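Report on the following structure.
Protein chains: 2
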Amino acid sequence: MREAIQLQLVNQSDPEQSHDSVLTPLSEVSKQRGLIDIANRLDRIRSWLEADLDDLESALESTRQNTSDLGRLAAQHLLEQPGKRIRPLCVFVASRLGRAVAPQVVRDLAVAAELAHAATLLHDDVIDQGAERRGAPTARVVFGNSASVLGGDHLLIEALRRVNRSGEPRLMTRIIDVIGAMVSAEALQLEYRGRFVPEESVYQRVVLGKTSVLFSWALMAGGMAAGLKDLELNALERSGDRLGLAFQLVDDLLDLAGDPAVTGKDSLLDLREGKLTWPLLVACERDASLLPDLQRVAADWSSAEISLPALRNRIVATGCIELTRQRALDAAAEAKSNLSVLQRSAARDALDTVIDAAVERAR
Amino acid sequence: MREAIQLQLVNQSDPEQSHDSVLTPLSEVSKQRGLIDIANRLDRIRSWLEADLDDLESALESTRQNTSDLGRLAAQHLLEQPGKRIRPLCVFVASRLGRAVAPQVVRDLAVAAELAHAATLLHDDVIDQGAERRGAPTARVVFGNSASVLGGDHLLIEALRRVNRSGEPRLMTRIIDVIGAMVSAEALQLEYRGRFVPEESVYQRVVLGKTSVLFSWALMAGGMAAGLKDLELNALERSGDRLGLAFQLVDDLLDLAGDPAVTGKDSLLDLREGKLTWPLLVACERDASLLPDLQRVAADWSSAEISLPALRNRIVATGCIELTRQRALDAAAEAKSNLSVLQRSAARDALDTVIDAAVERAR
Chain X
642 MREAIQLQLV
652 NQSDPEQSHD
662 SVLTPLSEVS
672 KQRGLIDIAN
682 RLDRIRSWLE
692 ADLDDLESAL
702 ESTRQNTSDL
712 GRLAAQHLLE
722 QPGKRIRPLC
732 VFVASRLGRA
742 VAPQVVRDLA
752 VAAELAHAAT
762 LLHDDVIDQG
772 AERRGAPTAR
782 VVFGNSASVL
792 GGDHLLIEAL
802 RRVNRSGEPR
812 LMTRIIDVIG
822 AMVSAEALQL
832 EYRGRFVPEE
842 SVYQRVVLGK
852 TSVLFSWALM
862 AGGMAAGLKD
872 LELNALERSG
882 DRLGLAFQLV
892 DDLLDLAGDP
902 AVTGKDSLLD
912 LREGKLTWPL
922 LVACERDASL
932 LPDLQRVAAD
942 WSSAEISLPA
952 LRNRIVATGC
962 IELTRQRALD
972 AAAEAKSNLS
982 VLQRSAARDA
992 LDTVIDAAVE
1002 RAR
Chain L
642 MREAIQLQLV
652 NQSDPEQSHD
662 SVLTPLSEVS
672 KQRGLIDIAN
682 RLDRIRSWLE
692 ADLDDLESAL
702 ESTRQNTSDL
712 GRLAAQHLLE
722 QPGKRIRPLC
732 VFVASRLGRA
742 VAPQVVRDLA
752 VAAELAHAAT
762 LLHDDVIDQG
772 AERRGAPTAR
782 VVFGNSASVL
792 GGDHLLIEAL
802 RRVNRSGEPR
812 LMTRIIDVIG
822 AMVSAEALQL
832 EYRGRFVPEE
842 SVYQRVVLGK
852 TSVLFSWALM
862 AGGMAAGLKD
872 LELNALERSG
882 DRLGLAFQLV
892 DDLLDLAGDP
902 AVTGKDSLLD
912 LREGKLTWPL
922 LVACERDASL
932 LPDLQRVAAD
942 WSSAEISLPA
952 LRNRIVATGC
962 IELTRQRALD
972 AAAEAKSNLS
982 VLQRSAARDA
992 LDTVIDAAVE
1002 RAR
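Chains as they are written, first to last, in this note's numbering: chain X, 642 to 1004; chain L, 642 to 1004.
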């Protein structure tokens, strides 16, 4: 009963609670799992960053206007769903690695990271014909594909506007590259749509573009706003690359073994959308008899006449969940070890905590 | 017979001819209409800008790669169709208003203007569910909606990349605003989809965002690359605003009275897509009996059981074509008079010619 109430809170978009949209749920989940150390560390980050996270939600809320613009309505619809906000969190924490900087610049960069992410989600939903996202109907279902295309364009421009006014040309150049890489990765995924091709190189290229590049940018942007040196910025970028991989591996796990009531998306949705995930790649390697069934589900799951729960049991029986979790832990360890060139500080500890929590999250 | 051959040449995408994609057709059309003065002036601009226009086509061609990326394929498909390239032409001509500048910067800005335009076309085709563009099937018909969404994203990023490397922060800020305005105008059009609402204020807002802002940017970008002063840049922007209006009014006319074999799009397509055009707005004002029929066609033309040729005759009978042409000529005159703060020069004369030709074009 208590757990159900907590989950409801997590999935609620209560503005009063919204600055906790990432840290409270992570901390609750950690406590439930007995990870008391991580939970306490998350609680400390929460009080430390309270003003920043409040600012973030106000800034995202301020995109909420009385408007009949269908693109903006689609964008609002997505931003109102409780997201993890982990990319802006990376910006905020990294911005504390150096000397105090203009809070407005940091906030702009944090908001930009979330908006760039949200923009690609809106376009992805059109491309994947996705019906649910963050436990709610997708914007394209509510407002139509056209509104989602325009909503994505709108958020992309709003993200670029904020990076541009930060006045740091390197960040502008990099965010353009990042968005370009995100678009290419989505195109690669589209190319393999409906075909289950368990190739590691394809997986790596998709993860790099879809996830890692924006995490790298977020950490680097925060660090640049804090006046860090190139050596430190490079370390943050490499750390973000590994954090992105760890984050994606956990996403992959949640698709296979997560609780749909918590994750906000159906089980095996990635597979049904024809997306390659790491546990499936591993499962195929260990049990070749899975390949034809995975191919049929990826091609057209509704007519494949394959029981998804039974298929999931066969996948899980390969041990792919443990192997994927281990790989995520390894990537997280690499993400943390990349930070070793940075001086020890509360901010560096907080980054460690964010990395740990990204692997322990349940949604 | 001779005319048919010429039209074929115009619609062909022959790389050897492609630097003439705007000036040769305009010049031919002008000759056919007996506008010998404009034709001769266009021929002079052609030789004057030959290297620039060659550069432009090479740069656009260089986006053509051996790729399986569906987004890039969709983008290539559109760029390979012969376009008018009038926005890059504005950049090139305006760049000659001042002192010689880095040709690479001018070329980047010219290419960016065309790519930003092409990006919105790809997304518009998805939104309008358009089947033909530039006389060929749209990218979304050939490669699918998803590829067109990604193709538009790709071109948008490529446009921004080029503006960014020009190293002029003001141009970056402005192109972000311009693209934002284009997205908002498309959303406004979407909002009125399927309803024919002949309101002048709606028409003006759509034209400003869909057409004028990018023409303004193109002229201003060229002028800025040429080192012009703020006073002159402002004049170029105002001129671009009026040129954009004139250009759109002629587009509106071609939808109603153009030759589909030349324009590359079906007659009354704007109306069937529920888009408000100026001649239709004027026609309704002069013959109120048209309104219910236009509303029915805009709502669902295929089931409206209205003869489009008969409807067109009633529209034309209101005299709206002459009134719209006059308004386009007035806007062109304003565009030219805005240039009066600039010193007389070959470049300023060339801008006058581009403005005249934009009104006289047949596609």
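Virtual Cβ for every residue (Gly too), placed ideally from N, Cα, C.
Owing to the predicted nature of the structure, the values given are computational and were not obtained by experimental measurement.
Give me the chain X residues within the contact set of residue i, using Cβ-Cβ distance strictly less than 9 angstroms, ordered along the chain.
i, result
"T814(L)", "R802, N805, R806"
What is the DSSP secondary structure of residue i, counted as helix, strand or coil?
i, result
"P627(L)", "An answer regarding residue 627(L) cannot be provided, because it is not within the stretch 642 to 1004 covered by chain L."
"P778(X)", "strand"
"E657(L)", "Unreliable positioning characterises E657(L) in this predicted model, as indicated by a pLDDT of 40, which lies under 50. The coordinate reading is nonetheless provided below. E657(L): helix per DSSP, three-state reduction."
"E773(X)", "strand"
"I798(X)", "helix"
"R985(X)", "coil"
"S948(L)", "coil"
"F837(X)", "coil"
"A958(L)", "helix"
"I646(X)", "Low per-residue confidence applies at I646(X): pLDDT is 28, beneath 50, and the placement is therefore not dependable enough to give any value."
"K916(L)", "coil"
"A1003(L)", "coil"
"T965(L)", "helix"
"P723(L)", "coil"
"T1047(L)", "Outside the displayed span of chain L (642 to 1004) sits residue 1047(L), for which this structure offers no information."
"T708(X)", "coil"
"L829(L)", "helix"
"D907(X)", "coil"
"D928(L)", "coil"
"K851(L)", "helix"
"A998(L)", "helix"
"L922(X)", "helix"
"N652(L)", "With a pLDDT of 33 at N652(L), under the threshold of 50, the predicted position of this residue should be treated as unreliable, though the coordinate-derived value follows. Here N652(L) sits in helix by DSSP."
What is the C-beta distance between residue i and residue j, in whole angstroms, given that I count them as a contact (C-beta under 8 angstroms)?
i, j, result
"D896(X)", "L910(X)", "6 angstroms"
"I816(L)", "V804(L)", "5 angstroms"
"L763(X)", "L697(X)", "So it is not a contact: roughly 19 angstroms between Cβ atoms."
"V670(X)", "E1001(X)", "7 angstroms"
"G771(L)", "T761(L)", "No, G771(L) and T761(L) are not in contact; Cβ-Cβ is about 12 angstroms, not under 8 angstroms."
"L874(L)", "M861(L)", "5 angstroms"
"A951(L)", "L738(L)", "The Cβ separation is near 49 angstroms, so there is no contact."
"A999(L)", "A887(L)", "6 angstroms"
"R908(L)", "R953(L)", "The residue you asked about is not Arg; residue 908(L) is Ser in the sequence shown. Confirmed, about 7 angstroms."
"L829(X)", "V838(X)", "The Cβ separation is near 11 angstroms, so there is no contact."
"R774(X)", "Q717(X)", "Contact flag wrong, Cβ pair sits at about 14 angstroms."
"G835(L)", "A958(L)", "That pair is no contact at about 26 angstroms."
For residue i, return the contacting residues in chain L, with the cut-off set at a CB-CB distance below 8 angstroms.
i, result
"I820(X)", "D794, I798"
"I817(X)", "I798, L801, R802, N805"
Chain L partners of residue i, CB-CB under 7 angstroms?
i, result
"L1007(X)", "Limits of chain X in this structure are 642 at one end and 1004 at the other, which puts residue 1007(X) out of reach."
"I679(X)", "The premise fails here: I679(X) is roughly 37 angstroms from chain L at the closest Cβ pair, so nothing lies under 7 angstroms."
Starting from the beta carbon of residue i, find every residue of chain X whose beta carbon is closer than 7 angstroms, and list them in chain order.
i, result
"H764(L)", "V790, D794"
"S1023(L)", "This structure gives no information on residue 1023(L), because the portion of chain L shown stretches from 642 to 1004."
With distance defined between alpha-carbon atoms, name the residue in the options nearest to residue i.
i, options, result
"L917(X)", "Q845(X), A862(X), I947(X)", "Q845(X)"
"L894(X)", "M865(X), S825(X), L849(X), L970(X)", "L970(X)"
"E914(X)", "A951(X), A998(X), E827(X)", "E827(X)"
"L877(L)", "K977(L), G776(L), I679(L)", "K977(L)"
"S794(L)", "L812(L), V746(L), V824(L)", "Correcting the residue identity first, residue 794(L) is Asp in this sequence and not Ser. Nearest of L812(L), V746(L), V824(L) to D794(L), Cα basis: V824(L)."
"N681(X)", "S807(X), A692(X), L664(X), V783(X)", "L664(X)"
"C961(X)", "R937(X), I996(X), D934(X), A924(X)", "A924(X)"
"L714(L)", "V783(L), R774(L), V732(L)", "V783(L)"
"V602(L)", "R834(L), D684(L), C731(L), V790(L)", "Chain L is shown only over 642 to 1004; residue 602(L) falls outside these bounds and no answer can be derived."
"M865(X)", "E832(X), L812(X), F837(X), T904(X)", "L812(X)"
"I768(X)", "R748(L), S842(L), R726(L), L711(L)", "L711(L)"
"L992(X)", "I679(X), Q673(X), K672(X)", "I679(X)"
"R748(L)", "Q889(L), L932(L), E691(L), D928(L)", "E691(L)"
"K870(L)", "R955(L), S736(L), G792(L), Y833(L)", "S736(L)"
Taking residue i as the query, report the chain L residues whose CB atoms sit under 9 angstroms from its CB, ordered along the chain.
i, result
"V767(X)", "V767, N786, S787, V790"
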